[in-house]
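Report on the following structure.
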Amino acid sequence: MQQTGIARARAARPRTAEESVQARQQTASIRNRQRRTVAAAVKMEGMWGARRRNMGGMP
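Sequential numbering of the sequence shown, starting at 23, is according to the numbering used here.
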């Protein structure tokens, strides 16, 4: 895998505490956003799935 210059530089020098905190917050926010969207999608699908099953022969 080819590393970019930025990644190499970042790997070369240790990260400061501030940078690591920022990175952690970023990943956490991304993860939370994903979880929220997944939960919403499941809720929608659950509702519609139940309706589809219950409707039977009706269009």
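Think of the CB as a built atom: it goes at the ideal place given N, C-alpha and C, for glycine as much as any other residue.
Note that the structure is predicted; figures quoted are calculated from it, not measured.
In the structure shown, what three-state DSSP assignment does residue i receive?
i     : result
Thr49 : helix
Thr59 : helix
If we ignore side chains and look at the alpha-carbon of each, how far apart do residue i and residue j end up?
i     : j     : result
Ala50 : Glu40 : 15 Å
Arg58 : Lys65 : 11 Å
Ala63 : Ile52 : 17 Å
Gln47 : Val60 : 20 Å
Ser42 : Asn54 : 18 Å
Gln44 : Pro36 : 14 Å
Thr38 : Gln56 : 27 Å
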